[in-house]
Amino acid sequence: MTAVSPDPHTLVSSEQNKVLRMETPRNPEALMKRDTADPESFRQRFRWFCYSEEAGPRKTLNQLWELCVQWLRPDIHTKEQILELLVFEQFLTILPGEIRIWVKSQHPESSEEVVTLVEDLTQVLEEKEGEINR
Numbered sequence: 001m002t003a004v005s006p007d008p009h010t011l012v013s014s015e016q017n018k019v020l021r022m023e024t025p026r027n028p029e030a031l032m033k034r035d036t037a038d039p040e041s042f043r044q045r046f047r048w049f050c051y052s053e054e055a056g057p058r059k060t061l062n063q064l065w066e067l068c069v070q071w072l073r074p075d076i077h078t079k080e081q082i083l084e085l086l087v088f089e090q091f092l093t094i095l096p097g098e099i100r101i102w103v104k105s106q107h108p109e110s111s112e113e114v115v116t117l118v119e120d121l122t123q124v125l126e127e128k129e130g131e132i133n134r
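Take a look at the structure:
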């Protein structure tokens, strides 16, 4: 996979639409035991979790609930912090491909930081476009 430049001046369209391939074990218990302290791994497990006909609807729902609790941590996060996590993730998801790739490469930690990065990038790209059109 090509490294993404942290410099917005060097964005290239070839970085757009990259696909993240994630290997996950078939055993949900093994999946839940890995990387126990990483919120991003919990988020990914929650988002990539699939329905299991073998486990049945009740056990599958309970496993999904547990993954959500591990990710959002309602025992230590306020409602506002949980909403921040959800909105932060969704905002990153809806950004245009090339911008999303660059923003994620900057490892922002809040929605406000993402907005600042996007605004700065937009300004740089507009300035660059203005120079080209002269």
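So for the sequence shown, the UniProt record's numbering puts the first residue at 1; every next one is plus one. Cβ atoms here follow ideal geometry from the backbone N, Cα and C, with glycine treated the same way. These figures come from a predicted structure and were not determined experimentally.
DSSP three-state call for Thr122: helix, strand or coil?
-> Sequence index remark: in the sequence shown, residue 122 carries index 122 (1-based). In the structure shown, Thr122 adopts helical secondary structure according to DSSP, grouped into three states.
### Task
Could you name each continuous alpha helix (DSSP H) segment of 4 residues or more that falls completely within the UniProt domain "SCAN box" (43–125), going from the start of the chain to the end?
If only uninterrupted alpha helix (DSSP H) runs of at least 4 residues are considered, those enclosed by the UniProt domain "SCAN box" (43–125) are 56–72, 79–94, 97–105.
* Asked: Among Gln63, Glu131, Trp71, which one has its Cα closest to the Cα of Val38?
  -> Position 38 of the sequence shown, counting from 1, holds the residue named residue 38. Residue identity differs from the one stated: residue 38 is Asp in this sequence, not Val. Checked all of Gln63, Glu131, Trp71; the closest Cα to Asp38 is Trp71.
**Item:** Three or more C-beta pairs below 8 Å linking the region 88–96 and the region 114–128
**Value:** yes
Contact between the region 77–90 and the region 59–67: three or more CB pairs below 8 Å? no
| task | Would you kindly check if the distance between the Cβ of Leu121 and the Cβ of residue 145 is under 8 Å? | result | Lying before the first or after the last residue shown, residue 145 is absent from the chain, which here runs from 1 to 134.
Practice task
Please confirm if Arg100 has its CB atom under 8 Å from at least one CB of chain B.
Solution key: Within the model displayed, chain B is absent; a lone protein chain is all it includes.
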